[in-house]
C-alpha cells in the first residue's frame, strides 16, 4: 500500500513528467537530424547530399563495390595517366586524318577552312591530355566508386543529344540538352534552366558562327526548311 501510494504521489508524477520530457527531447533531436534530408532538391545533387547527411548512410552500390576496396601504391601508369595517353593517341590519329582533307579553293573559303578548325580542336585535346599525363601521381590510388543511376542517366542524355542534333540541328539539341541535364542534376527553377541553356546556345553561336565563321549542323529539319 505504501509503495502504491508513493508511486501515485507527487514524486511519481514528477518521475513520469521527466520521462515524457526526455522522450520529447529525443524525438526533437531525431527530427532535426532527418529534416535536412527532406529539404534537399531532387536530382543527382540532392541524392548525394542527402546520403552524406544521414548518419551511417552509404551511396547505393557502396556495399557491393566498395566492400573490401582498399587503396594501393600508385604505379607509374596510374589511372589518370593511362586515360591521358589514350586520349592523346586518339587526338594524334584525329590530327593525322585532318591532313588528308581536300584543299578548299581560296575563293570559296569563308572563315576557318574545313581542316583548320578540326586541327585546332585536335591540338587543344592533345595539349590537355599532355597536361593531365604530367600531373604528379598521388601516394595511393583509391578504387573508383560505383556508377549510380545519375551517371547512367547523364550518359543517356549525351546519346539523346546526338540523336536530336541529327534531327533538329546542333543549337536545338544543345538547348534541350542543357535544360534536361540541369533538371537531372537538381535544378527545378524553370527560369534558371531556360536562361542558362539560352545563354550557352547564344555563346556557342557567337563563337562558332561569328568568330570562326563556321556553319553549325542544321539537322534534317534544318536542311528541309532552309535548303
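In UniProt numbering, the protein residues as written are 1 to 227. We treat Cβ as the ideally placed atom computed from N, Cα and C, and that holds for glycine. The structure displayed is predicted, hence computed values, not measured ones.
Looking at C-alpha atoms only, which residue of the options is the closest neighbour of residue i?
{"i": "residue 88", "options": "191, 122, 159, 190", "result": "122"}
{"i": "residue 126", "options": "98, 179, 91", "result": "91"}
{"i": "residue 95", "options": "161, 77, 124, 139", "result": "124"}
{"i": "residue 129", "options": "80, 181, 199", "result": "80"}
{"i": "residue 142", "options": "207, 78, 225, 160", "result": "78"}
{"i": "residue 161", "options": "99, 173, 101, 134", "result": "173"}
{"i": "residue 135", "options": "82, 207, 190, 191", "result": "82"}
{"i": "residue 133", "options": "187, 191, 188, 86", "result": "86"}
Below 8 Å CB to CB, which residues in the same chain sit around residue i once its five sequence neighbours on both sides are set aside?
{"i": "residue 171", "result": "201, 204, 205, 216"}
{"i": "residue 209", "result": "215, 216"}
In chain order, what residues of the same chain have a beta carbon less than 6 Å from the beta carbon of residue i, not counting five sequence neighbours either side?
{"i": "residue 218", "result": "169"}
{"i": "residue 220", "result": "167"}
Roughly how many whole angstroms lie between the Cα atoms of residue i and residue j?
{"i": "residue 222", "j": "residue 166", "result": "10 Å"}
{"i": "residue 84", "j": "residue 156", "result": "24 Å"}
{"i": "residue 211", "j": "residue 117", "result": "12 Å"}
{"i": "residue 180", "j": "residue 149", "result": "15 Å"}
{"i": "residue 265", "j": "residue 145", "result": "Only positions 1 to 227 of the chain appear in the structure, and residue 265 is not among them; the question remains open."}
{"i": "residue 51", "j": "residue 224", "result": "Residue placement at residue 51 cannot be trusted, given a pLDDT of 43 that sits under 50; what the coordinates show is reported in the next sentence. The alpha-carbon atoms of residue 51 and residue 224 are separated by roughly 49 Å."}
{"i": "residue 197", "j": "residue 151", "result": "20 Å"}
{"i": "residue 207", "j": "residue 115", "result": "17 Å"}
{"i": "residue 101", "j": "residue 178", "result": "33 Å"}
{"i": "residue 131", "j": "residue 98", "result": "23 Å"}
{"i": "residue 153", "j": "residue 93", "result": "30 Å"}
{"i": "residue 199", "j": "residue 187", "result": "16 Å"}
{"i": "residue 147", "j": "residue 158", "result": "16 Å"}
Let me know the secondary structure DSSP gives residue i once reduced to three states.
{"i": "residue 187", "result": "coil"}
{"i": "residue 142", "result": "coil"}
{"i": "residue 89", "result": "helix"}
{"i": "residue 152", "result": "helix"}
{"i": "residue 48", "result": "Here residue 48 scores only 48 on pLDDT, less than 50, and its place in the model should not be relied on; the value that follows carries that caveat. The answer is helix: DSSP assigns residue 48 an H, G or I state."}
{"i": "residue 213", "result": "coil"}
{"i": "residue 136", "result": "coil"}
{"i": "residue 159", "result": "helix"}
{"i": "residue 77", "result": "coil"}
Residues in its own chain within less than 7 Å of residue i by CB, not counting five upstream and five downstream?
{"i": "residue 176", "result": "164"}
{"i": "residue 189", "result": "none"}
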